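Novice: So the sequences go chain by chain: A and B.
Residue numbers for the first sequence follow our numbering, beginning at 37 and rising by one.
Residue numbers for the second sequence follow our numbering, beginning at 37 and rising by one.
No residue lacks a Cβ here, since even glycine has one placed at the ideal position from N, Cα and C.
Note that this is a predicted model, so its numbers are computed, not measured.
Dropping a structure here in structure tokens format, bear with me for questions.
There are 2 protein chains.
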Amino acid sequence: MNELQPLDLLPVSDALGRILAAPVVAQRSVPHFAAAAVDGVAVRADQVEGAAPESPVRLVLGPEAYPVNTGHPIPPGFNAVVMREELAWAPDGLSVLLHQPTRPGKHIRAVGEDAAAGQPLFPAGHRLRPVDLGALLTVGVTEVQVWRQPLVGFIPTGSELVEPGNADLPPGQITESNSAMVLGEVVGWGGQPRRHPIVLDDRTALREAVSTLIDQVDLVLISAGSSQGSEDYTVHVLRELGEVLVHGVAMRPGKPVILAIVRGKPVIGLPGYPGAAWLASYLFARPLLYQFQQQPVPAPDRVMARLAAPLTSSLGFAHYLRVRLEPSTLGEDPTAHPFSSKSGLIRTLLEADGLAYIPPEVAELPAGAPIEVHRLDTHR
Amino acid sequence: MNELQPLDLLPVSDALGRILAAPVVAQRSVPHFAAAAVDGVAVRADQVEGAAPESPVRLVLGPEAYPVNTGHPIPPGFNAVVMREELAWAPDGLSVLLHQPTRPGKHIRAVGEDAAAGQPLFPAGHRLRPVDLGALLTVGVTEVQVWRQPLVGFIPTGSELVEPGNADLPPGQITESNSAMVLGEVVGWGGQPRRHPIVLDDRTALREAVSTLIDQVDLVLISAGSSQGSEDYTVHVLRELGEVLVHGVAMRPGKPVILAIVRGKPVIGLPGYPGAAWLASYLFARPLLYQFQQQPVPAPDRVMARLAAPLTSSLGFAHYLRVRLEPSTLGEDPTAHPFSSKSGLIRTLLEADGLAYIPPEVAELPAGAPIEVHRLDTHR
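Right, here's the structure in full:
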């Protein structure tokens with residue numbers, strides 16, 4: 037499950053956001069030639085040694101004072117640049133007067149000043165930003181080895197599910213929507229989604245779907261069929277195909293999660309309720325995706341808050357509670373408002389801007405109690 | 037420049053991260069049928085009115101107590117659900133005993149409890165998150181109108197530039213790398229990049245490139261040819277094709293920026309140095325891209341810091357200084373370390389994690405002076 041994935045070799049311009057699988061060193065020095073750092077003339081420093089305002093040195097344009105613009109190569113034999121603003125042009129137009137000395141290397145960008153060939157630029161595991169792409173090209177690197185993006189299969193299962201787009205929905209049928217939500221998150225976690233069509237409550241069909249998909253992807257998510265209901269075949273199918281490590285997690289929502297291994301690859305059975313499916317993906321699929329990419333799991337953006345209203349929690353269950361955070365005045369912790377059961381599932385999912393964590397050993401909390409909240413992406 | 041862009045009509049599953057061009061309302065109620073909220077039996081509440089532990093009510097399975105699982109529709113005529121755990125099964129297996137009354141609506145998810153058909157779900161301008169995609173499908177929305185992503189053309193110009201991939205680089209030639217850096221940022225700002233091949237220092241060729249590209253995109257970036265050098269044709273070409281609004285901005289780096297309008301579309305002439313090109317894109321292209329998408333420009337992540345070493349700044353110029361932020365102990369502001377001129381351009385670009393702003397009226401700052409720093413994306 038944590039073995040190294042095959043690599044992609046990509047042109048630098050296609051590698052934005054991808055993660056380096058190997059360290060990168062500069063392929064050439066930058067600059068790779070001695071270059072003028074200013075507009076002016078290239079000179080030999082020893083020819084200007086005695087220059088002073090009262091005894092300027094005259095240099096013949098061309099052989100003794102070679103005009104250069106910023107970035108131009110310094111011709112062989114020259115070793116300093118005098119800025120255009122510090123020159124006086126002789127009336128003949130064929131020579132320049134210098135009123136002060138200079139020193140070797142002055143206003144010259146030396147070879148390798150920015151980067152020396154062979155110098156380490158990025159370690160393995162570095163995620164490529166726009167500035168990194170520019171730097172790679174500059175040092176002569178045109179292709180990079182990056183981790184392959186993990187492929188995540190998603191099997192929606194349940195005879196109550198209908199593919200989106202059916203305007204007439206009979207009672208008892210619901211639109212399959214968890215795949216769009218979960219696979220949208222998967223994209224943000226660096227994975228590539230592969231959605232399987234809906235599989236009805238048919239044990240053979242589900243086994244066939246898992247068995248086929250598992251060979252094409254790195255991780256399979258099954259939604260749902262993970263509770264104890266009579267038509268929930270997921271756990272039976274996973275037992276037939278592989279090993280079920282966990283069936284049921286002491287958390288709310290999301291209790292009926294299944295964690296399994298099939299042919300050496302992880303399979304997660306997600307609960308059907310959207311909030312529970314989201315949480316199980318966040319807690320169990322997200323860390324796997326970062327591990328596949330050899331990346332540390334990003335730490336959540338934690339904030340301490342004060343609970344707006346008292347709440348009870350099931351002893352022995354970790355409780356992840358969606359809350360709305362209300363900023364406080366004067367540097368106090370923000371207030372966390374849990375959604376009432378009247379808010380509805382959709383409003384709760386859309387309007388929450390934090391996930392409060394209530395540890396298993398806590399059964400009730402009074403209003404004003406301090407709680408840890410992980411900020412959610414609100415995009416608002 | 038700020039007129040509305042044409043829209044894209046997209047399937048919801050393709051709309052992750054896109055910005056709604058119009059408000060979205062629920063197309064159907066959720067649930068669209070009265071549904072069991074628990075596993076148990078559907079009953080008529082008035083039939084169980086007198087139920088008590090000492091006088092249970094017996095209901096015939098089927099006509100009087102209809103078995104339902106969570107999510108199943110409530111059959112017509114029934115108006116409450118009794119949880120499986122609260123039932124006693126009669127020995128005949130054909131009826132159930134209820135030991136307490138219930139009330140109409142108990143354990144039933146009413147039609148529209150989550151969302152009512154016609155109810156506003158998202159305003160125009162909302163950027164679609166994974167949870168939003170799930171919600172849209174759930175309320176029967178399968179396509180959304182989103183703002184078209186602005187197209188950004190990039191013309192690298194300069195006879196010193198060479199396309200990436202040429203291993204042998206003669207003195208005076210450099211690899212074109214600014215397009216990868218700037219267009220990488222453009223992607224993050226919501227734009228779609230269109231890179232033009234390198235245009236040599238040839239006034240006719242540059243005019244032709246701008247003239248062609250401007251009709252295909254929403255914004256053109258030209259890099260570089262924006263200083264006063266003898267071969268910098270950009271400003272002349274832009275004067276011929278349109279109107280140059282600004283040539284030179286009182287800032288460092290990035291002074292030789294050009295802002296122009298050609299056929300009603302914005303054109304930005306970027307400086308050639310990577311740090312200056314990055315800054316000019318950040319300050320001038322980024323806000324345009326957000327405006328094209330009818331979005332507020334995200335506020336920078338500002339932090340106050342203490343300057344690690346004294347510095348001088350040019351009076352009358354806004355100075356944007358790349359710094360490394362060193363966290364402080366014990367709640368003090370972090371320390372901002374400017375990069376020395378010995379750090380090299382590449383190291384400075386790659387290792388900076390903040391951009392310090394020195395206002396134009398400030399000529400020097402002592403070590404320890406408070407300065408405002410905008411955090412940069414470090415991805416580390």
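(1) For residue 290 of chain A, count the other beta carbons within 10 Å of its own beta carbon; 16 or more makes it buried, fewer makes it exposed. Which is it?
(2) When you compare only the Cα positions, how much space is there between residue 196 of chain B and residue 370 of chain A?
(3) Spatial neighbours of residue 249 of chain B within its chain, please: CB distance less than 8 Å, with the 5 preceding and 5 following residues excluded, ordered by chain position.
(4) Extract the residue ranges of the alpha helix (DSSP H) inside the stretch 203-243 of chain B, only unbroken runs of 4 or more that lie entirely within it.
(5) If you count every other CB in all the chains shown that lies within 10 Å of the CB of residue 287 of chain B, and 16 or more means buried, which is it?
(6) Flag this pair as yes or no: are the beta carbons of residue 60 of chain B and residue 157 of chain B separated by less than 7 Å?
(7) Keeping to the same chain, check which residues put their C-beta closer than 7 Å to that of residue 283 of chain A; ignore five residues upstream and five downstream.
(8) Taking 7 Å as the CB-CB cut-off, is residue 150 of chain B touching chain A?
(9) Using a Cβ-Cβ distance under 7 Å, would residue 272 of chain A count as near chain B?
(10) Taking the alpha carbon of residue 326 of chain A as the reference point, which residue from A:103, A:228, A:399, A:159 has its own alpha carbon closest?
(11) Taking the DSSP output, what are the residues bridged to residue 258 of chain B?
(12) Only counting the same chain, and skipping five residues up and downstream in sequence, which positions put a Cβ closer than 8 Å to that of residue 234 of chain A?
(13) In angstroms with no decimal places, state the Cα-to-Cα distance between residue 74 of chain A and residue 49 of chain A.
(14) Using the rule of at least 16 other Cβ atoms within 10 Å of the residue's Cβ for burial, across every protein chain shown, is residue 323 of chain A buried or exposed?
(15) Under 8 Å between beta-carbons, which chain B residues line up against residue 64 of chain A? List them in chain order, please.
(16) Taking only the alpha-carbon atoms, compute the straight-line gap between residue 217 of chain B and residue 68 of chain A and give it to the nearest angstrom.
(17) Can you name, in chain order, every residue of its own chain whose Cβ lies under 7 Å from the Cβ of residue 245 of chain A, other than the five neighbours on each side?
(18) Run down chain A in chain order and give the residues with a C-beta less than 7 Å from the C-beta of residue 196 of chain B.
(19) Consider the Cβ of residue 382 of chain A: report whether some Cβ of chain B lies at a distance smaller than 7 Å.
(20) Can we count residue 308 of chain B as close to the ligand SAM, meaning its CB is less than 6 Å from some heavy atom?
(21) Taking a Cβ distance cut-off of 9 Å, strictly less, list which residues of the stretch 210-243 of chain A are near chain B, in chain order.
(22) Determine contact between the stretch 164-183 of chain B and the stretch 80-93 of chain B, defined as no fewer than three beta-carbon pairs at a distance below 8 Å.
(23) Tell me which residues share the same chain as residue 119 of chain B and place their Cβ nearer than 6 Å to its Cβ, disregarding the 5 neighbours each side in the sequence.
(24) Runs of 3 residues minimum, wholly inside the stretch 373-400 of chain B: which ones carry the beta strand (DSSP E) assignment?
(25) Whole angstroms is fine: what's the gap from residue 412 of chain A's alpha carbon to residue 393 of chain A's?
(26) When DSSP labels each residue in this structure, what does residue 91 of chain A get in the three-state scheme?
(27) Given a limit of 7 Å on CB to CB distance, which residues of the stretch 42-53 of chain A reach chain B?
(28) Looking at C-alpha atoms only, which residue of A:58, A:113, A:103 is the closest neighbour of residue 82 of chain A?
(29) Got a sec: is the Cβ-Cβ distance from residue 145 of chain A to anything in chain B below 7 Å?
(30) Based on Cα-Cα distance, which residue from B:54, B:338, B:403 lies nearest to residue 390 of chain B?
(31) With 7 Å as the threshold, decide whether the Cβ of residue 171 of chain B is near any Cβ in chain A.
(32) Note down, in chain order, every chain A residue with its Cβ under 8 Å from the Cβ of residue 201 of chain B.
(33) Can residue 182 of chain B and residue 57 of chain B be called in contact, C-beta distance under 7 Å?
(34) Quick one, are the C-beta atoms of residue 311 of chain B and residue 205 of chain B less than 7 Å apart?
(35) Name the DSSP bridge partner or partners of residue 181 of chain A?
(36) Taking the alpha carbon of residue 341 of chain B as the reference point, which residue from B:314, B:373, B:316, B:332 has its own alpha carbon closest?
Specialist: Well, looking at it:
(1) buried
(2) 56 Å
(3) 189, 191, 230, 232, 256
(4) Listed in chain order, the complete alpha helix (DSSP H) runs (minimum 4 residues) inside the stretch 203-243 of chain B are 214-224.
(5) buried
(6) yes
(7) If you ignore the 5 residues before and after residue 283 of chain A, its C-beta comes within less than 7 Å of the C-beta of 271, 294, all in its own chain and listed in chain order.
(8) Yes, residue 150 of chain B lies at the interface with chain A (some Cβ there is under 7 Å from its Cβ).
(9) Closer than 7 Å: no.
(10) A:228
(11) B:191, B:305
(12) 192, 193, 194, 197, 198, 199, 212
(13) 30 Å
(14) exposed
(15) 205
(16) 20 Å
(17) 191, 232, 235
(18) 107
(19) yes
(20) This structure simply doesn't include the ligand SAM, nor any ligand for that matter.
(21) 210, 211, 212, 213, 214, 215, 216, 217, 218, 219, 220, 221, 222, 223, 224, 231
(22) no
(23) 74, 76
(24) 390-394
(25) Here the alpha carbon of residue 412 of chain A sits roughly 13 Å from the alpha carbon of residue 393 of chain A.
(26) strand
(27) Per Cβ criterion, the list reads 48, 49, 52.
(28) Comparing Cα-Cα distances from residue 82 of chain A to each of A:58, A:113, A:103, the minimum goes to A:113.
(29) Chain B, which has no Cβ nearer than 7 Å to the Cβ of residue 145 of chain A, makes this no.
(30) B:338
(31) yes
(32) 178
(33) yes
(34) In this structure, the beta-carbon distance from residue 311 of chain B to residue 205 of chain B does not fall below 7 Å.
(35) A:45
(36) B:373
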